[in-house]
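Novice: Each residue of the sequence shown is one higher than the last, beginning at 1489 in my numbering.
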Amino acid sequence: MRLGNIVPDFSCNTTQGEWSSFHEWIGESWCILFSHPADFTPVCTTEIGRLALKYEWFKARNVKIATLSVDPVDSHNTWLEDVVAHCENGVTIEFPIIADADRTISTKYGMLDPANLDDKSLPLTFRAVVTTDPEKKLKLQLNYPASVGRNMDEICRVIEALQLSAKSSIATPANWPNNHDSIGMKGAVFLLPTVTKEDADKHFKDYKTCEVPSGKDYLRLVKQENLPQ
Ligand code: BEZ
1489 MRLGNIVPDF SCNTTQGEWS SFHEWIGESW CILFSHPADF TPVCTTEIGR
1539 LALKYEWFKA RNVKIATLSV DPVDSHNTWL EDVVAHCENG VTIEFPIIAD
1589 ADRTISTKYG MLDPANLDDK SLPLTFRAVV TTDPEKKLKL QLNYPASVGR
1639 NMDEICRVIE ALQLSAKSSI ATPANWPNNH DSIGMKGAVF LLPTVTKEDA
1689 DKHFKDYKTC EVPSGKDYLR LVKQENLPQ
């Protein structure tokens, strides 16, 4: 599980039926595999509800969502009724939840938390966000402990950043898109240091080089609407 490597394939049972291959299910999409520690726990209940509210947002960007815990499918299905009842917007859960009762997948993916054990003293999954591109390469992984619920807006933000940097030779600044407002470049992105001046002049309309004491010209901002198509 290293950035840039293809994530492991697996077969499994899910709330939407059996899969012979996770990779086949992903197809040509981006994918986020979310693990959670356990069904019928409070933070996880809110996370799945908030994730469901973003389902259409992800779908519009060709991102498939799957979640996973070490509970069996019948537990997932019963629990989902609680998730829907607790989520104030009356969501439907359109994405599958994988059952990893024997921990094969979470072991392969390194998603088990030795500090969080079930009643048989076996480790539960932590809150992983495993994000892959259409080639099934790991592009980003966020790991949270059981005690911290994830912010779905942040996950949408990183998907936008990943997809933007997959299309153009850019990188997103800290706190993007809430950056560089004070110089009239709100939401602008940086040209990669590997973009030559010649290419920058040719392809990135109205990019702005920020002056710094070193005199080096590596802080080159371009507005999103001026990125090459
Ligand atoms: C929760 O989802 O609330 C939770 C799960 C496992 C440990 C602690 C909290």
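C-beta atoms are modelled at their ideal positions from N, C-alpha and C, and glycine is treated no differently.
Per DSSP, which residues does Gly1505 bridge with? Please list them.
Specialist: For Gly1505, which the question treats as bridged, DSSP gives the partners Thr1502.
Novice: Less than 7 Å separating the beta-carbons of Asp1601 and Val1558?
Specialist: Contact: no.
Novice: Pull up the distance between the alpha-carbon of Thr1619 and that of Lys1608, whole angstroms please.
Specialist: Those two C-alpha atoms are separated by around 30 Å.
Novice: Check Gln1712 in the structure and name its three-state DSSP category.
Specialist: It is helical.
Novice: Is DSSP giving Asp1601 helix, strand or coil here?
Specialist: In this structure, Asp1601 counts as strand in the three-state DSSP scheme.
Novice: Have a look at Cys1519 and Ser1508 and give me their C-alpha separation to the nearest angstrom.
Specialist: Near 17 Å, if we compare the C-alpha coordinates of Ser1508 and Cys1519.
Novice: Using a Cβ distance threshold of 8 Å, determine whether the stretch 1633-1642 contacts the stretch 1531-1541, with at least three qualifying pairs required.
Specialist: With a cut-off of 8 Å, the stretch 1531-1541 and the stretch 1633-1642 count as touching, because enough Cβ pairs lie within range.
Novice: By DSSP, does Tyr1543 sit in helix, in strand, or in coil?
Specialist: Helix, per DSSP.
Novice: Say whether the stretch 1656-1668 touches the stretch 1567-1581, bearing in mind that this needs 3 or more beta-carbon pairs closer than 8 Å, one atom from each stretch.
Specialist: No contact exists between the stretch 1656-1668 and the stretch 1567-1581.
Novice: With a 10 Å radius around its C-beta and 16 neighbouring C-beta atoms as the bar for buried, classify Leu1539 as buried or exposed.
Specialist: Under this definition Leu1539 is a buried residue.
Novice: Go ahead and pull the three-state DSSP assignment for Phe1614.
Specialist: Three-state DSSP puts Phe1614 in coil, outside helix and strand.
Novice: Which runs of the beta strand (DSSP E), 3 residues or longer, sit entirely within the stretch 1549-1600?
Specialist: 1551-1557, 1585-1587, all fully within the stretch 1549-1600.
Novice: May I ask whether a heavy atom of the ligand BEZ can be found less than 6 Å away from the beta carbon of Thr1529?
Specialist: True, at least one ligand heavy atom lies under 6 Å from that Cβ.
Novice: According to the Cβ coordinates, are Leu1650 and Lys1627 closer than 7 Å?
Specialist: A contact, by the Cβ cut-off of 7 Å.
Novice: Can you grab the Cα-Cα spacing for the pair Thr1502 / Leu1605, in whole Å?
Specialist: Their Cα atoms are separated by approximately 23 Å.
Novice: Judging by CA-CA distance, which residue of Ile1593, Lys1685, Ala1554, Lys1542 is the nearest neighbour of Gly1482?
Specialist: The question about residue 1482 has no answer, for the chain in this structure spans 1489 to 1717.
Novice: Which residue's Cα is closest to the Cα of Gln1629: Lys1596, Phe1522, Tyr1695?
Specialist: Measuring from the Cα of Gln1629, the nearest candidate turns out to be Phe1522.
Novice: Measuring only between beta-carbons, confirm whether Asn1714 sits less than 7 Å from chain B.
Specialist: Checking the listed chains, one finds no chain B in this structure; it contains a single protein chain.
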